[in-house]
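Working notes, beginning with the structure itself.
Number of protein chains: 2
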Amino acid sequence: MGFYSRLNHAWLQSDSMLCVGLDPDPAKFPETLRGGARDIETFCKQIIDVTGDLVCAFKPQIAYFSAVGAEQQLENICAYIREQFPDVVLILDAKRGDIGDTAKLYAREAFVRYGADAVTVNPYLGTDSLEPFLSALGKGTIILCRTSNTGSSEFQSLETESEPLYLRVARTAVEQWRAIGECALVVGATYPGELAAVREIVGNMPILVPGIGAQGGDIAAVVRAGRDENNRGLIINSSRAILYADSSKTFAASARKVALETRDAINAANSAR
Amino acid sequence: MGFYSRLNHAWLQSDSMLCVGLDPDPAKFPETLRGGARDIETFCKQIIDVTGDLVCAFKPQIAYFSAVGAEQQLENICAYIREQFPDVVLILDAKRGDIGDTAKLYAREAFVRYGADAVTVNPYLGTDSLEPFLSALGKGTIILCRTSNTGSSEFQSLETESEPLYLRVARTAVEQWRAIGECALVVGATYPGELAAVREIVGNMPILVPGIGAQGGDIAAVVRAGRDENNRGLIINSSRAILYADSSKTFAASARKVALETRDAINAANSAR
Numbered sequence: 517m518g519f520y521s522r523l524n525h526a527w528l529q530s531d532s533m534l535c536v537g538l539d540p541d542p543a544k545f546p547e548t549l550r551g552g553a554r555d556i557e558t559f560c561k562q563i564i565d566v567t568g569d570l571v572c573a574f575k576p577q578i579a580y581f582s583a584v585g586a587e588q589q590l591e592n593i594c595a596y597i598r599e600q601f602p603d604v605v606l607i608l609d610a611k612r613g614d615i616g617d618t619a620k621l622y623a624r625e626a627f628v629r630y631g632a633d634a635v636t637v638n639p640y641l642g643t644d645s646l647e648p649f650l651s652a653l654g655k656g657t658i659i660l661c662r663t664s665n666t667g668s669s670e671f672q673s674l675e676t677e678s679e680p681l682y683l684r685v686a687r688t689a690v691e692q693w694r695a696i697g698e699c700a701l702v703v704g705a706t707y708p709g710e711l712a713a714v715r716e717i718v719g720n721m722p723i724l725v726p727g728i729g730a731q732g733g734d735i736a737a738v739v740r741a742g743r744d745e746n747n748r749g750l751i752i753n754s755s756r757a758i759l760y761a762d763s764s765k766t767f768a769a770s771a772r773k774v775a776l777e778t779r780d781a782i783n784a785a786n787s788a789r
Numbered sequence: 517m518g519f520y521s522r523l524n525h526a527w528l529q530s531d532s533m534l535c536v537g538l539d540p541d542p543a544k545f546p547e548t549l550r551g552g553a554r555d556i557e558t559f560c561k562q563i564i565d566v567t568g569d570l571v572c573a574f575k576p577q578i579a580y581f582s583a584v585g586a587e588q589q590l591e592n593i594c595a596y597i598r599e600q601f602p603d604v605v606l607i608l609d610a611k612r613g614d615i616g617d618t619a620k621l622y623a624r625e626a627f628v629r630y631g632a633d634a635v636t637v638n639p640y641l642g643t644d645s646l647e648p649f650l651s652a653l654g655k656g657t658i659i660l661c662r663t664s665n666t667g668s669s670e671f672q673s674l675e676t677e678s679e680p681l682y683l684r685v686a687r688t689a690v691e692q693w694r695a696i697g698e699c700a701l702v703v704g705a706t707y708p709g710e711l712a713a714v715r716e717i718v719g720n721m722p723i724l725v726p727g728i729g730a731q732g733g734d735i736a737a738v739v740r741a742g743r744d745e746n747n748r749g750l751i752i753n754s755s756r757a758i759l760y761a762d763s764s765k766t767f768a769a770s771a772r773k774v775a776l777e778t779r780d781a782i783n784a785a786n787s788a789r
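Which chain is which? The protein sequence lines are A and B, in order. Under my numbering, think of the first position of the first sequence as 517, with each following residue one higher. Under my numbering, think of the first position of the second sequence as 517, with each following residue one higher.
Put into structure tokens, the structure is as follows:
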């Protein structure tokens with residue numbers, strides 16, 4: 517089953533467009549878990565246990581693991597998601613981008629080592645740098661288009677010949693990259709107007725939307741601007757607002773509560789046609 | 517001592533603008549070394565031993581290590597460079613790019629975990645994504661400007677308001693990023709015209725130039741187009757042409773020979789004023 521099929525299945529099965537981002541920051545863990553790499557694994561597995569039935573995807577952010585040498589724990593967490601929630605899509609958030617020979621190795625890291633269904637990548641180097649990801653059979657390539665941070669306008673919104681750079685990226689995804697492999701785009705929840713413009717260009721291509729929750733993006737605005745004609749098409753990510761809803765030993769129950777509320781808020785916004 | 521000072525010292529000390537890229541591909545190793553992660557470490561250390569007196573910098577490419585779970589070996593190799601050649605600049609080639617909170621973790625990975633003097637990063641997300649690197653005291657941030665691959669024109673050469681995107685990146689480096697921290701740019705050897713245009717904008721900012729050797733960039737053209745007014749300013753990288761000059765057990769001697777020839781070719785081109 518390819519990336520698009522797995523994602524469609526996950527949306528239907530879970531009745532959810534929520535993705536939980538796994539950004540384990542030990543400084544925000546309950547005190548009993550403030551140790552080393554093993555506690556990162558324990559924390560993430562508990563979050564997975566209590567939210568796995570509420571999400572279409574999990575998205576571990578590799579930087580949180582590589583900063584502290586916890587690659588083995590990331591491997592274990594990815595395997596755990598597979599075992600416990602085989603229908604949930606696994607997205608490695610790595611934002612890789614390099615020339616072809618090196619990109620092949622990053623594709624191997626994401627798809628073979630960590631067994632991800634999809635990986636986030638950066639388009640700045642052009643099509644040949646994306647090909648090793650796009651051509652990996654059955655896997656998804658999620659390309660940065662318009663990111664959620666405040667500095668994203670600086671280059672992404674520059675007017676090129678006929679349109680801003682991020683729309684050029686979206687257009688290239690439709691016109692070129694989709695023919696090579698199963699791709700999707702990243703558009704931040706903090707820019708619903710841009711999200712609508714991207715949706716207009718890409719038809720029913722999936723869009724990963726970070727930036728709700730701690731970053732302040734509005735759920736209803738995201739759903740209205742970003743859903744496709746089947747009222748699906750979005751992978752709406754929340755990390756910190758769910759993971760650190762509560763920093764005491766009841767963190768898992770609190771995480772479930774916020775995840776449930778977020779899923780319901782997405783579905784409620786989506787019911788308002 | 518900061519990144520610029522260390523680099524200046526390395527240029528003078530070694531009388532070399534050559535950088536050896538450590539891209540360890542076991543399939544190209546001599547047969548006796550075709551094992552696992554430990555052989556990657558052995559291979560790289562032998563290359564370091566025989567080229568360390570000929571270079572201003574070493575540049576391990578992290579993808580070669582992360583694809584096969586050899587992070588511990590990369591840590592060992594970085595420590596080995598420090599011990600054996602303390603004057604040589606250590607550049608982690610990682611091309612990271614993410615929003616601020618995540619970028620902080622990637623800065624920690626490069627500068628703390630691997631002890632690099634500098635790291636390569638991607639500018640697509642804008643200034644706030646670069647700040648955690650730029651503001652790391654004494655460290656270097658080497659920003660992709662015009663990359664060496666064939667697909668690099670696709671976005672990097674798009675005409676924005678007044679100039680192509682890669683020149684806009686170069687101008688932002690001079691006008692904004694240099695005030696935040698010690699930065700440099702990546703410009704591929706395969707585009708000497710663009711290299712000259714970037715040098716014109718950035719004054720004496722260092723430029724990392726990949727793409728000679730296996731990728732086919734011309735050394736004399738690079739030196740003429742890219743040197744600064746002190747006839748320095750370049751970190752000219754070669755990886756495969758040196759590492760895999762010979763795939764038999766004499767690989768180390770052959771690597772030294774090619775590194776020596778490359779350094780001398782750079783210096784000869786630089787003497788022709």
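No residue lacks a Cβ here, since even glycine has one placed at the ideal position from N, Cα and C.
- Please classify B:GLU777: does DSSP put it in a helix, a strand, or coil? Locating residue 777 of chain B in the second sequence gives position 261, counting from the first residue. Residue state, collapsed to three classes: helix.
- Using DSSP bridges, identify the partner residues of A:ILE696. The residue you call residue 696 of chain A lines up with position 180 of the first sequence. DSSP lists no partner for A:ILE696.
- Taking the C-alpha atoms as reference points, what is the distance between A:ASP633 and A:ILE556? The residue labelled residue 633 of chain A in the question sits at position 117 within the first sequence. The residue labelled residue 556 of chain A in the question sits at position 40 within the first sequence. Spanning the two alpha carbons is a distance of roughly 22 Å.
- Query: Is the region 715-732 of chain B close to the region 640-660 of chain A, with three or more CB pairs under 8 Å?
  - Reply: no
- Span of the beta strand (DSSP E) around A:LEU608: As a first step, residue 608 of chain A is located in the first sequence; it is residue number 92 there, counting from the start. Counting along the chain, A:LEU608 sits inside the beta strand (DSSP E) bounded by residues 605-612.
- Message: Is the beta carbon of A:ILE723 closer than 8 Å to that of A:ALA757?
- Response: Here residue 757 of chain A refers to the residue found at position 241 when the first sequence is read from its first residue. Here residue 723 of chain A refers to the residue found at position 207 when the first sequence is read from its first residue. No.
- Query: Can you round the beta-carbon distance between A:LEU534 and A:ILE717 to whole angstroms, since I take them to be within the 8 Å contact cut?
  - Reply: For the purposes of this step, residue 534 of chain A is identified with residue 18 of the first sequence, where counting begins at 1. For the purposes of this step, residue 717 of chain A is identified with residue 201 of the first sequence, where counting begins at 1. Not confirmed; about 25 Å, so no contact.
- Item | Counterpart residues of B:GLY537 in DSSP-defined beta bridges | Working through the second sequence from its first residue, we reach residue 537 of chain B at position 21. Answer is B:LYS575.
- Message: Would B:ILE728 and B:VAL738 be called neighbours here (beta carbons separated by less than 8 Å)?
- Response: As a first step, residue 728 of chain B is located in the second sequence; it is residue number 212 there, counting from the start. As a first step, residue 738 of chain B is located in the second sequence; it is residue number 222 there, counting from the start. Contact flag set, yes.
- Out of curiosity, what's the CA-to-CA distance linking B:ILE752 and B:ASN786? Numbered from 1 along the second sequence, position 236 holds the residue referred to as residue 752 of chain B. Numbered from 1 along the second sequence, position 270 holds the residue referred to as residue 786 of chain B. C-alpha of B:ILE752 to C-alpha of B:ASN786: approximately 12 Å in a straight line.
- Query: Under a three-way DSSP split, which group does A:ARG684 fall into?
  - Reply: If you number the first sequence from 1, residue 684 of chain A lands on position 168. Reduced to three states, the DSSP call for A:ARG684 is helix.
- Query: What number of angstroms, rounded off, separates the C-alpha of B:TYR682 from the C-alpha of B:CYS661?
  - Reply: Along the second sequence, read from residue 1 onward, the residue named residue 682 of chain B stands at position 166. Along the second sequence, read from residue 1 onward, the residue named residue 661 of chain B stands at position 145. Each residue's alpha carbon lies about 5 Å from the other.
- Name, going along the chain, the residues of the region 624-639 of chain B whose beta-carbon falls closer than 7 Å to a beta-carbon of chain A. ARG624, GLU625, ARG629, ASN638, PRO639
- Query: If we count the other Cβ atoms within 10 Å of its Cβ and call it buried at 16 or more, is B:GLY656 buried or exposed?
  - Reply: The residue labelled residue 656 of chain B in the question sits at position 140 within the second sequence. Its Cβ being crowded by 16 or more others within 10 Å, B:GLY656 is buried.
- Item | B:SER506 in three-state terms, based on DSSP | Given a span of 517 to 789 for chain B in the structure shown, any question on residue 506 of chain B remains unanswerable.
- Query: What are the residues of the region 588-614 of chain A that lie near chain B, defined by any Cβ-Cβ distance shorter than 7 Å?
  - Reply: Within the region 588-614 of chain A, those residues whose Cβ lies closer than 7 Å to any Cβ of chain B are, in chain order, LYS611, GLY613, ASP614.
- Message: Per the DSSP calculation, B:GLY733 is bridged to which residue(s)?
- Response: Taking the second sequence and counting its residues from 1, one reaches residue 733 of chain B at position 217. Partner(s): B:ILE728.
- Query: Between the C-alpha atoms of B:ASN746 and B:LEU523, what's the straight-line distance to the nearest angstrom?
  - Reply: Indexing the second sequence from 1 puts residue 746 of chain B at position 230. Indexing the second sequence from 1 puts residue 523 of chain B at position 7. Each residue's Cα considered, the two are about 14 Å apart.
- Measuring CB to CB, does A:TYR520 end up less than 8 Å from B:ALA579? Here residue 520 of chain A corresponds to residue number 4 of the first sequence, with the count starting at 1. Here residue 579 of chain B corresponds to residue number 63 of the second sequence, with the count starting at 1. The answer is no: Cβ separation not under 8 Å.
- Message: Less than 8 Å between CB atoms is the rule here; does A:GLN577 satisfy it with respect to chain B?
- Response: Here residue 577 of chain A corresponds to residue number 61 of the first sequence, with the count starting at 1. It does; some Cβ of chain B falls within 8 Å.
- Message: When you compare the CB positions of A:VAL685 and A:ALA705, do they come within less than 8 Å of one another, or not?
- Response: One-based indexing of the first sequence puts residue 685 of chain A at position 169. One-based indexing of the first sequence puts residue 705 of chain A at position 189. Their beta carbons are not under 8 Å apart, which means A:VAL685 does not touch A:ALA705 by this criterion.
- Listed by chain order, chain B residues near A:ASP555 by CB distance under 8 Å: Reading the first sequence from its first residue, position 39 is the one you call residue 555 of chain A. Per Cβ cutoff of 8 Å: no residues; A:ASP555 is ~17 Å from chain B at best.
- Query: What residues in the region 704-715 of chain B have a beta carbon less than 7 Å from any beta carbon of chain A?
  - Reply: Taking 7 Å as the Cβ-Cβ cut-off against chain A, none of the residues of the region 704-715 of chain B qualify.
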